[in-house]
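K.L.:
Residue numbers (our numbering), protein chains in the order written: chain S, 32 to 423; chain Y, 22 to 265. Have a look at this one.
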Amino acid sequence: MDTLVRKQKELRNFYLLVVFGLMVAMTGMGAAHYMEEHGHIVTGMNNQVVWGMPHVFAIFMIVAASGVLNIASIGSVFGKKPYKARGPLSGLLSIALLAGGLTVLMLDLGRPERVIVAATHINTTSVFGWNVFLYSGLFSLVAVYLWTMLEARMNPWTKPVGLLVFAWRITLTTGTGLIFAFLVARQAYGTAMLPPMFIVMSFSWGLAVLYIVQAAMYGWNRMSLNPHVLRRFRNLLGLFILSVAYLVAVYHMTNLYFARNSAFEHFILIEGGIYPLLFWGGYFFLGTLIPLVLIYSPNLGKHCHVLLASLLVVVGSFCFLYVFIIGGQAFPLSIFPGYEVSSTFGDGQIAYYSPSLPEILLGCGGLGVAFLITTVGVRIFEMLPHDEAAAE
Amino acid sequence: MSDMDSDRRQFIGRSSALVAGLTLAPGMMLYDLAHGRPVGEPASSKVRWGMLIDTTKCESGCDECVKACNKENGLPGGTGPTDEQWIRKVQLTDLKTGKKTSLPMMCQHCAEPPCVDVCPTGASFKRVDGIVLVDRHLCIGCRYCMMACPYKARSFVHEPLHDQKPDVPRGKGTVESCTLCVQRVDRGETTACAEACEKAGHKAILFGDLNDPDSEISKRIRQVASIRLRDDLGLDTGLHYEGL
């Protein structure tokens with residue numbers, strides 16, 4: 032009888048979560064409709080800052096979608112059992128995050144109804160064009176990957192498919208980094224540092240998301256994480272956070288060394304108002320330093336600390352992307368070096384950007400889509416990692 | 022295995038196959054269709070349209086070129102952060118000498134345009150006569166070209182449009198920029214900005230065919246020192262500036 036009551040309660044809670052996810056997603060869709068009806072005038076974006084808050088959300092989800100597969104890769108390619116147990120969850124989260132990110136990216140287009148044009152007219156020199164294939168390919172490959180993991184008959188195929196997914200997602204995140212690396216004239220971008228930086232960021236952000244979702248699932252099922260697995264996850268997250276910090280430091284140091292970029296670095300790291308604040312306070316302090324303390328302090332490092340560190344990594348990643356994407360555009364292009372420049376089109380001026388509610392809601396809508404896919408997927412498929420059998 | 026379990030597996034299997042098919046098919050099948058689009062057929066590759074702007078003749082308070090561009094192309098002429106500006110007047114002060122310069126700034130009509138390289142759909146394209154344009158029917162409004170343009174030459178249409186000019190099609194949610202008055206050039210006329218500058222008595226904008234060694238612009242470029250903006254990027258722009 033108790034079991035029945037508990038199951039009914041569980042089912043009710045599941046539907047509540049679905050309704051919550053639907054509401055968030057639908058609010059996002061409503062915001063997108065509002066933006067389409069009125070034009071981008073209702074957003075904070077303008078002719079100087081052309082990519083805004085939706086891109087911060089979308090790029091976070093797309094980068095994390097690739098990185099979250101790390102766990103499945105370590106499991107199926109390198110045969111590590113604790114990771115293998117999380118392979119299906121890792122695959123599901125990848126599809127969910129990719130769907131959420133692409134939803135935001137598509138709905139932010141000036142002409143979202145022309146999205147089919149993007150699939151039918153591919154410019155082969157455009158990294159965006161390549162990404163149409165890379166994103167749709169990842170969807171399909173991860174679906175096959177999930178099939179090989181969940182269907183016993185297909186298990187022998189998990190390793191080769193896992194290898195293919197591994198190569199594909201590294202290419203995909205390289206492509207995401209290249210979107211910015213190919214922008215030759217902007218001080219913030221146009222460097223080969225970006226693809227590897229995005230790849231390492233994907234590892235960190237993806238693992239953080241997986242840890243948060245896993246913690247929610249364990250909490251739901253009143254289970255606690257195997258200490259052995261906790262130690263592995265904690266160390267891996269610490270390593271990824273440090274690796275990201277290293278690459279971010281090298282990226283800024285390289286810019287600082289080039290005299291032509293020192294004014295930009297001065298802006299983004301010291302004088303740029305919201306941007307240095309988010310970089311140092313958000314990315315560095317909240318998203319890097321505190322998580323490292325939570326992970327490596329001798330008295331900390333317990334499940335709740337690693338969970339908090341994961342949440343802070345996500346917060347830090349949003350701050351980093353805001354500074355990188357919006358701060359990078361706010362700083363004026365150097366068209367006339369050696370001159371003080373002014374015009375009616377913002378030449379020589381720091382561009383102003385203030386995110387509006389519709390674009391924030393659109394971004395949240397993408398998170399809602401990812402949440403919804405995850406919640407339903409976890410319920411339909413057997414996704415809960417069991418470590419009793421898996422622990423080495 | 023129970024019947025129900027088997028049904029569930031079958032359902033999952035079939036729906037997965039369907040979703041995979043639907044995801045891949047558009048990309049694979051329609052890829053080939055993308056290669057039949059004729060562009061710029063009426064234009065001739067023997068011509069390379071360009072401009073020489075003499076900054077020593079450009080007056081700082083004058084914006085006749087901007088007004089003429091707005092009138093010719095049906096632009097409202099606002100100067101807010103979301104307003105479209107195909108041409109703008111830029112004021113320069115040399116940081117070392119204090120020398121002041123004024124010049125018009127617009128799409129530089131590069132031979133190697135970054136906007137064309139990055140455009141995912143091929144909406145940004147270069148005509149064989151060197152004019153860089155946006156196909157308003159293909160532009161999806163991703164704004165990647167605006168990120169890529171080293172000259173900040175492009176504007177995004179942020180609001181619904183009214184009273185458009187029939188020979189200058191525009192569209193909400195798409196990107197646009199100076200077309201080098203392609204509608205006039207195709208009729209054998211000069212650009213609106215060059216015409217207005219001449220009418221105002223400055224003659225700072227010289228429009229012509231860079232490929233024709235006997236054209237006025239080619240002769241002048243041979244005679245005077247001129248530069249191309251951000252020439253270090255190797256984009257081979259069609260606009261040259263004198264006096265900078």
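Glycine included, each C-beta is placed from N, C-alpha and C at the ideal position.
So who's on the other strand from Glu296(S), going by DSSP bridges?
P.N.:
Answer by DSSP bridge pairing: none, since Glu296(S) is not bridged.
K.L.:
Measuring only between beta-carbons, confirm whether Tyr383(S) sits less than 9 angstroms from chain Y.
P.N.:
Yes, Tyr383(S) counts as interfacial toward chain Y.
K.L.:
Going by DSSP, which residues form a beta bridge with Phe177(Y)?
P.N.:
Beta-bridge pairing links Phe177(Y) to Val196(Y).
K.L.:
Rounded to whole angstroms, what is the Cα-Cα separation between Cys86(Y) and Ile305(S)?
P.N.:
Their Cα atoms are separated by approximately 37 angstroms.
K.L.:
With a threshold of 16 other CB atoms inside 10 Å of the CB of Asn186(S), please say whether the residue is buried or exposed.
P.N.:
Looking at its Cβ environment, which holds fewer than 16 other Cβ atoms inside 10 Å, Asn186(S) is exposed.
K.L.:
Per DSSP, what kind of secondary structure is Ile161(Y) in: helix, strand or coil?
P.N.:
Ile161(Y) falls in the coil class under three-state DSSP.
K.L.:
Quick one: is Asp188(Y) buried, meaning 16 or more other Cβ sit within 10 Å of its Cβ, or exposed?
P.N.:
Looking at its Cβ environment, which holds fewer than 16 other Cβ atoms inside 10 Å, Asp188(Y) is exposed.
K.L.:
Ignore the nearest five residues each way along the sequence and tell me which others in Leu268(S)'s own chain have a CB closer than 8 angstroms to its CB.
P.N.:
Ser235, Leu238, Ala239, Tyr242, Pro322, Ile326, Val337, Ala340, Ser341 and Val344, listed in sequence order.
K.L.:
Leaving out five residues on either side along the sequence, give the residues of the same chain with a beta carbon under 7 angstroms from the beta carbon of Ile201(S).
P.N.:
These residues qualify, in order along the chain: Ile230.
K.L.:
Kindly list, in the order they appear in chain Y, the residues whose Cβ is closer than 8 angstroms to that of Val158(S).
P.N.:
Under the 8 angstroms cutoff, chain Y gives Val139.
K.L.:
Would you give the residue range spanned by the alpha helix (DSSP H) that Gly106(S) belongs to?
P.N.:
Gly106(S) -> alpha helix (DSSP H) spans Asn101 to Phe109.
K.L.:
For a contact defined as C-beta to C-beta under 7 angstroms, what are the partners of Phe367(S) on chain Y?
P.N.:
Here the neighbours are Leu113.
K.L.:
What three-state label does DSSP hand Lys121(Y) in the structure shown?
P.N.:
Correct three-state label for Lys121(Y): strand.
K.L.:
Could you check the C-alpha separation between Ile161(Y) and Pro125(Y) for me, to the nearest Å?
P.N.:
When rounded, the distance between both Cα atoms is 29 angstroms.
K.L.:
Can you list, in chain order, the residues of its chain whose CB lies under 8 angstroms from that of Cys395(S), leaving out five sequence neighbours each side?
P.N.:
Cβ neighbours of Cys395(S) beyond the five flanking positions: Val55, Thr58, Gly59 and Phe88.
K.L.:
What are the residues of the stretch 159-171 of chain Y that lie near chain S, defined by any Cβ-Cβ distance shorter than 8 angstroms?
P.N.:
Here the close residues are Leu159, Cys160, Ile161, Gly162, Cys163, Arg164, Tyr165, Met167, Met168, Ala169, Cys170 and Pro171.
K.L.:
Using a threshold of 9 angstroms, state whether the C-beta atoms of Leu16(S) and Leu203(S) are closer than that.
P.N.:
For residue 16(S) there is no data in the structure shown, the boundaries of chain S being 32 and 423.
K.L.:
For the putative contact between Leu231(Y) and Gly259(Y), defined by C-beta atoms under 8 angstroms, what is the C-beta separation to the nearest angstrom?
P.N.:
That belief holds up - the Cβ atoms of Leu231(Y) and Gly259(Y) are roughly 7 angstroms apart, short of 8 angstroms.
K.L.:
Classify Phe109(S) as buried or exposed, calling it buried when 16 or more other Cβ atoms lie within 10 Å of its own Cβ.
P.N.:
Exposed, since its Cβ has fewer than 16 Cβ neighbours within 10 Å.
K.L.:
Alpha carbon to alpha carbon, what distance is there between Ile105(S) and Phe164(S)?
P.N.:
Their backbone Cα atoms lie some 25 angstroms apart in a straight line.
K.L.:
Quick one: what's Tyr327(S) bridged to in DSSP?
P.N.:
Per DSSP, none; premise fails for Tyr327(S).
K.L.:
By a C-beta neighbour count over all protein chains shown, 10 Å radius and 16 as the cutoff for buried, is Val192(S) buried or exposed?
P.N.:
Burial call: buried.
K.L.:
Evaluate Gly313(S) with the Cβ neighbour count: other Cβ atoms within 10 Å of its Cβ, from every protein chain shown; 16 or more gives buried, anything less gives exposed.
P.N.:
So Gly313(S) ends up on the buried side.
K.L.:
Rounded to whole angstroms, what is the Cα-Cα separation between Cys90(Y) and Leu308(S)?
P.N.:
If you take the alpha carbons of Cys90(Y) and Leu308(S), they lie about 41 angstroms apart.
K.L.:
Could you confirm whether any beta carbon from chain Y is found closer than 9 angstroms to the beta carbon of Asn330(S)?
P.N.:
Cβ-Cβ to chain Y under 9 angstroms: no for Asn330(S).
K.L.:
Between Ala382(S) and Gln39(S), which are expected to be in contact by the criterion C-beta below 8 angstroms, what is the C-beta distance as a whole number of angstroms?
P.N.:
Their Cβ separation, rounded to whole angstroms, is 55 angstroms, which puts Ala382(S) and Gln39(S) out of contact at 8 angstroms.
K.L.:
Within the same chain, show all residues whose beta-carbon is closer than 8 angstroms to that of Asp138(Y), passing over the 5 residues directly before and after it, in chain order.
P.N.:
Within the same chain, Asp138(Y) has close Cβ partners Ala169.
K.L.:
List the residues of chain Y whose Cβ lies closer than 8 angstroms to the Cβ of Ile72(S), in chain order.
P.N.:
Those are Thr103, His179 and Glu180, listed as they occur along chain Y.
K.L.:
Within 8 angstroms, do at least three Cβ pairs link the stretch 117-125 of chain S to the stretch 138-154 of chain S?
P.N.:
These segments do not touch.
K.L.:
Expressed to the nearest angstrom, what Euclidean distance is found between the alpha-carbon atoms of Tyr353(S) and Met232(S)?
P.N.:
Spanning the two alpha carbons is a distance of roughly 14 angstroms.
K.L.:
So, are the CB atoms of Gln129(Y) and Phe376(S) less than 9 angstroms apart?
P.N.:
Contact: no.
K.L.:
Leu73(Y) CB to nearest chain S CB: under 9 angstroms?
P.N.:
No - not a single Cβ of chain S is within 9 angstroms of the one on Leu73(Y).
K.L.:
Spatial neighbours of Ala215(Y) within its chain, please: C-beta separation below 6 angstroms, excluding the five flanking residues on both sides.
P.N.:
Closer than 6 angstroms at the Cβ level, and outside the excluded window around Ala215(Y), lie Ile226 and Phe228.
K.L.:
Run the CB neighbour count on Arg208(Y), radius 10 Å, all protein chains shown included, and call it buried at 16 or more, exposed below.
P.N.:
It counts as exposed.
K.L.:
Kindly indicate the opening and closing residues of the alpha helix (DSSP H) around Phe146(Y).
P.N.:
Element bounds for Phe146(Y): not the alpha helix (DSSP H) but the beta strand (DSSP E), Ser145 to Lys147.
K.L.:
Name the chain S residues whose beta carbon is nearer than 7 angstroms to that of Ser176(Y)?
P.N.:
Asn78, listed in chain order.
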